[in-house]
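Remarks on the structure that follows.
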Amino acid sequence: MSAGIQPKFPDKPKIRQAGKSVIFEVILQAAPAPELRWTKGGVEIKSGGRFKTGCQTTGSQHLLSLEINPVTADDGGEYLVTAKNRLGDSTATINLNIGAPKSAANKAPRFPEKPEIRMDKAKGEVIMSCKLEAKPKATLTWFLNDKEIQEIPGKRFWTVKDQADDLYILEIHIVAPKPDDGGTYRINAKNVVGDSNANINLNLQVTACFLEQYIHRLDRANTDSDSVNNLPQDASKAFPALYQTPPPFGPCATAENSFKFRTTLFGLLILLTRNAEILSSQTSCGTYPIDTVGSKLTYHGTLIHTL
């Protein structure tokens, strides 16, 4: 069974004009083929009348299009296309500006580079960062899973750093992040010239929660074969995500690799319980080398407990 591809938009959307019509085009990578939804101002756009949606698929790559014919002044604004499959979802934003030519001195907001996510271990923070270009300075609105959010003292805050040439560095800081802090963060930037959005998908793995729930069973489980079998069997019900990810964690779908997978997972848990630095905080992220010890523990490689 293929691991699949979470939807993502590798390139910026394009807008082209053909006669009286305007056509939006954007490339999407996803497998299996996702559900698609076009919206403007929160209202879904369905194919019919002046609107025509399209999707040309080649393997895991999809060329999505929306044609408006004829286009009118009322069609200006922000359009979103959302792609969703069993592995996740992603949204691309397209801004259609219709009207008089804008002053060269002004710049509509745009995000020239892909957002970044990094971990500040010293402060125990996850930081989501992106670069914004705008003139005049844009008004910013912050969202999580399409709901507007505010700063929470000691938990969530953002910073805006002025740079040269009408550039700004925007950062969202999450202090002591937990799985519930994950989701799709969106920054809306708007000025008198136009507006744009940056989307950042934050995925916090459940490894720390898994350890907290089962750590009390590890000492007495040791490396007994029955305990090795029973522990992950319970875990697969409580935390199915660990059993649905690509190797080395899973999936464990066949009888042939079932025991090997469970002993491997058990070995990783034993080693983590012996590493006080990792267990001291749920926010410990990074790549940790794992060398298993004992006849039943066969996995050699890295455990990634990160974003």
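Once you know that position 232 of the sequence shown is 232 in full-length UniProt numbering, the rest is easy, because the numbers rise by one and skip nothing.
Where a beta carbon is used, it is the ideal one built from N, C-alpha and C, also for glycine.
Contact annotation, ASN85 with PRO34: C-beta distance approximately 4 Å; criterion of less than 8 Å satisfied. Secondary structure of PRO179 (DSSP, three-state): helix.
Rounded to the nearest angstrom, the gap between the Cα atoms of ILE27 and TRP158 is 31 Å. Shown here, ASP75 sits in a helix according to DSSP, grouped into three states.
By the criterion of a C-beta distance shorter than 7 Å, ASP166 is surrounded in its chain by LYS107, GLU133, ALA134, LYS135, once the five residues flanking it on both sides are discounted. Exposed is the label assigned to SER47, since fewer than 16 other Cβ atoms lie within 10 Å of its Cβ. DSSP places PHE157 in the strand class (E or B) of the three-state scheme. Comparing C-alpha distances from ILE15 to each of THR53, GLN6, SER65 shows the shortest one belongs to SER65. At the C-beta level, LEU80 and ILE94 come within 9 Å of one another. In the structure shown, LEU167 falls within a strand segment according to DSSP collapsed to helix, strand and coil.
Around the C-beta of VAL22, 16 or more other C-beta atoms lie within 10 Å, and the residue is accordingly described as buried.
Non-local beta-carbon contacts of ARG110 in its own chain, meaning distances under 7 Å to residues more than five positions away in sequence, involve GLU133, SER196 in chain order.
DSSP, reduced to helix, strand and coil, places ARG118 within a strand of the structure shown.
Fully contained in the region 2-51 is no alpha helix (DSSP H) run of length 4 or more.
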